[in-house]
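In terms of my numbering, the sequence shown opens at residue 5 and continues consecutively. The beta-carbon is built from N, C-alpha and C at its ideal position, and this holds for glycine as well. Notes for the one structure printed next.
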Amino acid sequence: MRRSRHITPTDRSSDVRDDEPTPADALRYLIHLPDDYDADPGRRWPLVLFLHGAGERGSELDLAATHGPPKLADAGHDFPFILVTPQCSESSQWVAELSTLSGLLDEVIAAHRIDPARISVTGLSMGGYGTWSLAARYPDRFAAIAPICGGLWLQSAAPIRSVPVWAFHGDADDVVPISATEQIVTELRSLDADVRFTRYAGVGHDSWTETYENPEFYDWLLSHRRTS
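This is the structure in C-alpha cells:
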C-alpha cells in the first residue's frame, strides 16, 4: 500500500511543525492507498478509519502505526480499502476529538475516490472508546464499527442501534475491564441491534493483535453498506 502523511484541517497545515506538539483542533494522519488505487479511475473504495490507543499519542506520526491495520499495511499487506490513521495529540484523547475526526473524514472523502456508503471505524483501547463515541455522535456516517477493549463514558449506546457492531475484549483485561464492553453489548441487544461480541478467554489488554490478524474481521467490515 502507498503511504502518505497529512494534516487536518488542511488550512492549518502551516501551524503544525515536526518538532513541536500538534496544536489543538488539528490532527496529523496517515493514508494508505491500495496498490491498484489508480488502475480504475471510476472505482470508489471503502474507507476504514483506525484509532490508535493512548500509548501512541504525540507528535511522532509513525507511532500511530505501531499496532493494527497500519502496522500490517507498512509490513506489506495490501488491503482492499483506503486506510486512514490519525494521531491524537499527547494532551488529548479521542472522545475530545470527535468533531475534528468528522472533519478529517470530510477532507479525505473530498480528496479521494471513496464510497460514502462504505465507511467504517475501528480502534483499540482509547481508540475503542473513540470508536464507540464517534459512532454515537455520527451514527449516519458509518456502515459498521469494530471497537476493541473500549467503552462509553456516561452515555447510552442507543444512537448506534442501527449500525452493525463487532466488539472485542479480553476477559482478563486489567486496564479496561470487559464489563465496559459487556454493558454496551447488553444495551444494544435489548434494542435488537446487529451486534457481535468476541470474548477472548484468558486474554489481557492486548485483544487487538489477534483481531487485526484475522481475515474474517476485514471480510465482515467490508460486507456492510450504509443504507438511508
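- As a beta-bridge residue in DSSP terms, S124 pairs with V52, A148.
- The C-alpha of D210 lies about 15 Å from the C-alpha of A150.
- In the structure shown, F172 adopts extended strand secondary structure according to DSSP, grouped into three states.
- Between the alpha carbons of P181 and G131 lies a distance of about 15 Å.
- A205 and F172 have their C-alpha atoms some 11 Å from each other.
- Beyond the five residues adjoining it in sequence on each side, G174 comes within less than 6 Å, by CB distance, of Y204, V207, G208, S211 in the same chain, given in chain order.
- Closest option to Q97, judged by alpha-carbon separation, among L138, L37, I188, R6: L138.
- The three-state reading of DSSP puts S96 in coil, since its state is none of H, G, I, E or B.
- A distance below 8 Å separates the beta carbons of L34 and T89.
- F221 sits in a helix when the DSSP states are folded into three classes.
- According to the DSSP assignment, I35 belongs to the beta strand (DSSP E) that extends over 31–37.
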